[in-house]
Amino acid sequence: MGRVLVWLITAISFLTLSLPALSEPKYAIAMQGEPALPPDYAHFNYVNPDAPKGGSITYCVVGSFDNLNPFILKSLRTTARGMMDTIYGNLIFEPLMQRNADEAFTLYGLLADTADMDPERKSIEFHLNPKAKWSDGQPVTPEDVLFTYDAYTQKGRPPYSDRMARIAKLEKTGDHSVRFTFNDKADREFPLIIALTPIIPKHAFDMETFDKTTLKPLIGSGPYTIAQVTPGQRIVFKRNPEYWGKDAPAKRGFDNYDQITIEYFLNANAKLEAFKKGLCAIDDDSDPVKRERDLDFPAFHRGEVVSETFDTGIPPVVTGFLFNTRLPKFANPVVRRALGMLYDFEWANKNLFGGKYTRTMSYWQGSELSALGHPADDREKALLAPYPGRVPAEIMDGTWKPPVTDGSGQDRKVLKAAFDLLKSIGYLVQDGTMLDPDGKPFAFEILTASQDEERLAGIYQRTLEKIGINVSIRSLDGDQIQSRKQRFDFEALIGSSGFNNSLSPGIEQIGRWSSAAAKTEGSFNLAGVADPAIDAVIDAMLRARSKEDYIAAVRVLDRLLISGNYMVPTQYNTQQWLAYWNYLEHPKKTPIFGYQLPTWWRKPN
Numbered sequence: 001m002g003r004v005l006v007w008l009i010t011a012i013s014f015l016t017l018s019l020p021a022l023s024e025p026k027y028a029i030a031m032q033g034e035p036a037l038p039p040d041y042a043h044f045n046y047v048n049p050d051a052p053k054g055g056s057i058t059y060c061v062v063g064s065f066d067n068l069n070p071f072i073l074k075s076l077r078t079t080a081r082g083m084m085d086t087i088y089g090n091l092i093f094e095p096l097m098q099r100n101a102d103e104a105f106t107l108y109g110l111l112a113d114t115a116d117m118d119p120e121r122k123s124i125e126f127h128l129n130p131k132a133k134w135s136d137g138q139p140v141t142p143e144d145v146l147f148t149y150d151a152y153t154q155k156g157r158p159p160y161s162d163r164m165a166r167i168a169k170l171e172k173t174g175d176h177s178v179r180f181t182f183n184d185k186a187d188r189e190f191p192l193i194i195a196l197t198p199i200i201p202k203h204a205f206d207m208e209t210f211d212k213t214t215l216k217p218l219i220g221s222g223p224y225t226i227a228q229v230t231p232g233q234r235i236v237f238k239r240n241p242e243y244w245g246k247d248a249p250a251k252r253g254f255d256n257y258d259q260i261t262i263e264y265f266l267n268a269n270a271k272l273e274a275f276k277k278g279l280c281a282i283d284d285d286s287d288p289v290k291r292e293r294d295l296d297f298p299a300f301h302r303g304e305v306v307s308e309t310f311d312t313g314i315p316p317v318v319t320g321f322l323f324n325t326r327l328p329k330f331a332n333p334v335v336r337r338a339l340g341m342l343y344d345f346e347w348a349n350k351n352l353f354g355g356k357y358t359r360t361m362s363y364w365q366g367s368e369l370s371a372l373g374h375p376a377d378d379r380e381k382a383l384l385a386p387y388p389g390r391v392p393a394e395i396m397d398g399t400w401k402p403p404v405t406d407g408s409g410q411d412r413k414v415l416k417a418a419f420d421l422l423k424s425i426g427y428l429v430q431d432g433t434m435l436d437p438d439g440k441p442f443a444f445e446i447l448t449a450s451q452d453e454e455r456l457a458g459i460y461q462r463t464l465e466k467i468g469i470n471v472s473i474r475s476l477d478g479d480q481i482q483s484r485k486q487r488f489d490f491e492a493l494i495g496s497s498g499f500n501n502s503l504s505p506g507i508e509q510i511g512r513w514s515s516a517a518a519k520t521e522g523s524f525n526l527a528g529v530a531d532p533a534i535d536a537v538i539d540a541m542l543r544a545r546s547k548e549d550y551i552a553a554v555r556v557l558d559r560l561l562i563s564g565n566y567m568v569p570t571q572y573n574t575q576q577w578l579a580y581w582n583y584l585e586h587p588k589k590t591p592i593f594g595y596q597l598p599t600w601w602r603k604p605n
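Residue 1 is where the sequence shown starts when you use the UniProt record's numbering, and the numbers rise one by one after that.
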């Protein structure tokens with residue numbers, strides 16, 4: 001008997017050593033390296049864990065809404081603020097894991113308290129927190145996760161609708177666990193994207209009507225419930241006293257108001273007047289000259305309104321004039337390059353912005369990911385080898401800069417350089433009108449959504465007219481311009497490269513710049529970028545295993561975007577600015593992603 005027992009122990013030990021090592025469930029997962037916070041962390045380091053709870057706040061936005069479901073295409077997308085919101089917080093719907101705003105890309109447990117990701121990132125298993133509940137008291141289950149992906153795939157909007165294309169298998173593995181197994185289309189970032197995907201309750205949604213707009217309050221797992229909806233005007237959120245996650249480390253110090261109201265205004269002027277009267281708690285105007293002028297009102301002089309700037313550690317969002325390259329008039333990159341030369345930043349910065357802005361030249365400006373000041377290394381050259389001549393020499397060696405004018409608004413040398421470039425491909429001026437190679441007048445329309453955008457478009461319009469290009473400006477309200485964007489029904493507009501920027505660009509770049517997204521209605525690839533070189537380098541970025549390979553891929557993407565002239569970048573200021581009524585208070589520390597409104601609170605009494 002003893003010999004048999006020894007043999008069995010030896011055999012089991014041998015089999016155990018022969019099996020592949022299993023990863024262990026983690027409280028947090030990072031895109032690169034290890035999480036900054038330890039397993040026993042009590043809260044994120046940019047919150048006040050003892051922030052007082054109570055009171056109310058009203059946020060004000062320009063626009064409207066006709067739908068509360070943020071996951072479908074048939075709506076004014078992203079305008080029902082607060083449901084899933086990067087600024088005001090995820091008040092209704094939550095993801096499996098929560099992002100730490102003081103790390104480049106690290107997620108900590110939320111609906112899922114742990115994640116078990118294999119070293120090759122071919123699969124990830126989430127263990128749902130047994131405490132997680134929907135606002136109606138029902139538990140969050142693996143069936144809810146499965147239903148979420150079924151609903152998004154069948155009837156959701158991009159990017160949610162595309163995620164199952166990278167999943168080989170999605171299965172329930174226990175009473176509180178689900179496993180995602182990925183196929184060859186997935187990349188190393190994709191498990192984190194899955195962790196950030198908002199989960200919806202199976203029992204509260206009807207698959208048949210999921211893609212229909214609704215103003216009925218929706219059930220979620222978040223800290224608030226919807227108390228009141230005034231269509232197009234107001235959404236009132238009430239704190240859920242039974243919120244399951246109020247003591248979770250990733251939520252400690254967040255969600256400090258009893259009531260959050262979001263008011264909608266037709267234009268920025270109406271919103272500003274509401275702020276001055278105390279209806280709106282916060283004003284976030286980006287124009288430094290305008291905001292100094294707008295702050296000249298009694299409450300500010302009495303100290304009842306506070307003005308403050310916040311430093312961030314991320315690249316600025318690239319904004320500017322964006323061309324719809326699906327149209328023949330913008331298909332030639334040489335044309336776009338000439339148009340890019342004609343934004344007079346020096347004049348605009350001096351006359352409109354008090355010299356407080358910096359010219360935008362890179363999509364990751366001011367970071368190690370930027371092509372500016374960094375000559376292409378061997379890794380970058382290898383990525384570009386299949387696409388010779390795609391990047392001009394001065395962009396390859398990191399020395400490129402846009403033309404600099406004398407700031408007079410009449411710098412003829414820049415006008416001549418742009419004109420000569422157009423002339424080299426068959427354009428000419430006849431009777432003061434620029435004609436394309438087919439003899440047709442070269443003209444286009446810029447859509448604007450605010451008075452600030454209209455003013456900026458007017459500057460560009462006047463410069464272009466000097467070489468015979470007729471530009472018209474059409475102002476639309478937020479609903480109209482959102483609808484036009486979704487259908488790609490525009491020639492040019494003042495847009496951005498995305499809602500935010502990051503030190504860890506990833507899968508969202510597919511939605512912004514890929515050939516597939518260019519053909520997908522509702523995607524963020526407004527410019528219609530469809531370039532095999534860009535597709536290849538995004539893939540290389542997502543598959544990079546070392547930091548060096550990752551940086552090289554992002555820099556090549558930056559070089560290709562700069563070379564493509566899909567946008568005429570304008571200007572930025574790295575500091576965030578807010579004016580707010582002094583009944584508000586915020587944590588002392590500002591994380592690298594900037595101020596976090598969900599961590600603010602109202603002073604007692």
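By construction, the Cβ of each residue, glycine as well, lies at the ideal position given by its N, Cα and C atoms.
Span of the beta strand (DSSP E), counted from its first residue to its last, around residue i
i, result
"Tyr224", "Tyr224 to Thr230"
"Val61", "Ser56 to Val62"
"His301", "No beta strand (DSSP E) holds His301; the alpha helix (DSSP H) holding it covers Pro298 to His301."
"Ala348", "Taken as a continuous stretch (DSSP letters only), Ala348 belongs to no beta strand (DSSP E), being part of the alpha helix (DSSP H) at Phe345 to Asn351."
"Arg99", "Met97 to Arg99"
"Tyr108", "Thr106 to Gly109"
9 Å Cβ cutoff met for residue i and residue j
i, j, result
"Gly220", "Ser161", "no"
"Tyr460", "Phe593", "no"
"Met83", "Ile92", "yes"
"Phe44", "Asn129", "no"
"Asn349", "Leu215", "no"
"Trp400", "Ile562", "yes"
"Val529", "Gly253", "no"
"Ala598", "Tyr243", "With the sequence shown as reference, residue 598 is identified as Pro, and Ala is not the correct amino acid for it. Not a contact, by the Cβ cut-off of 9 Å."
"Asp285", "Met207", "no"
"Ser571", "Thr309", "According to the sequence as given, residue 571 is Gln; it is not Ser. Contact flag unset, no."
"Ala132", "Ile124", "no"
"Ile494", "Thr312", "no"
According to DSSP, residues forming a beta bridge with residue i
i, result
"Trp577", "Thr309"
"Thr358", "Tyr572"
"His43", "According to DSSP, His43 bridges with nothing at all."
"Lys601", "It should be pointed out that residue 601 corresponds to Trp in this sequence rather than to Lys. In DSSP, Trp601 forms a bridge with Glu585."
"Phe323", "Ala492"
"Gln430", "Thr433"
"Ile260", "Ile57 and Phe237"
"His127", "Thr114 and Ser177"
"Pro441", "Leu435"
"Asp283", "Ala579"
"Thr448", "Ser475"
Run of the alpha helix (DSSP H) containing residue i, from where it starts to where it stops
i, result
"Leu456", "Gln451 to Glu465"
"Val414", "Arg412 to Lys423"
"Tyr152", "Pro142 to Lys155"
"Lys276", "Ala268 to Lys276"
"Ala382", "Asp378 to Leu384"
"Val556", "Lys547 to Gly564"
"Val335", "Pro333 to Gly340"
"Arg291", "Pro288 to Asp294"
"Ile396", "Correcting the residue type first, residue 396 is Met in the shown sequence and not Ile. Element bounds for Met396: Ala393 to Met396."
"Ala28", "Element bounds for Ala28: not the alpha helix (DSSP H) but the beta strand (DSSP E), Ala28 to Ala30."
Does the contact criterion of 3 or more C-beta pairs under 8 Å hold for the region 228–237 versus the region 257–269?
At 8 Å Cβ cutoff, the stretches touch.
Beta strand (DSSP E) segments (min. 3 residues) lying fully within the region 159–198
167–174 and 177–182
At least 3 beta-carbon pairs within less than 8 Å: the region 28–40 vs the region 105–114:
The region 28–40 is in contact with the region 105–114.
Those runs of the alpha helix (DSSP H) which lie wholly inside the region 471–531 and span at least 4 residues:
Here the runs fully enclosed are 478–486, 508–513 and 515–518.
Does the region 503–512 come into contact with the region 325–337, if we say contact requires no fewer than three beta-carbon pairs (one atom in each stretch) closer than 8 Å?
no
Decide if the region 199–207 is in contact with the region 144–153; the criterion is three or more beta carbon pairs, one per stretch, under 8 Å apart.
Yes, the region 199–207 is in contact with the region 144–153.
Counting pairs of beta carbons, one from the region 478–485 and one from the region 359–369, are three or more of them closer than 8 Å?
no
The region 439–456 / the region 412–420 touching (three or more Cβ pairs under 8 Å)
no
Examine the Cβ distances between the region 393–412 and the region 581–588 and report whether three or more of them are shorter than 8 Å.
no
Report yes or no: do three or more beta-carbon pairs, one from the region 341–358 and one from the region 531–547, lie closer than 8 Å?
no
Should the region 515–525 be called in touch with the region 482–493, which here means at least 3 C-beta pairs below 8 Å?
yes
With contact counted as at least three CB pairs below 8 Å, one residue from each stretch, are the region 48–62 and the region 261–274 in contact?
yes
Count Cβ pairs between the region 156–172 and the region 180–199 that sit closer than 8 Å; are there 3 or more?
Touching, yes.
Would you call the region 552–567 and the region 387–395 in contact, with 3 or more CB pairs under 8 Å?
yes
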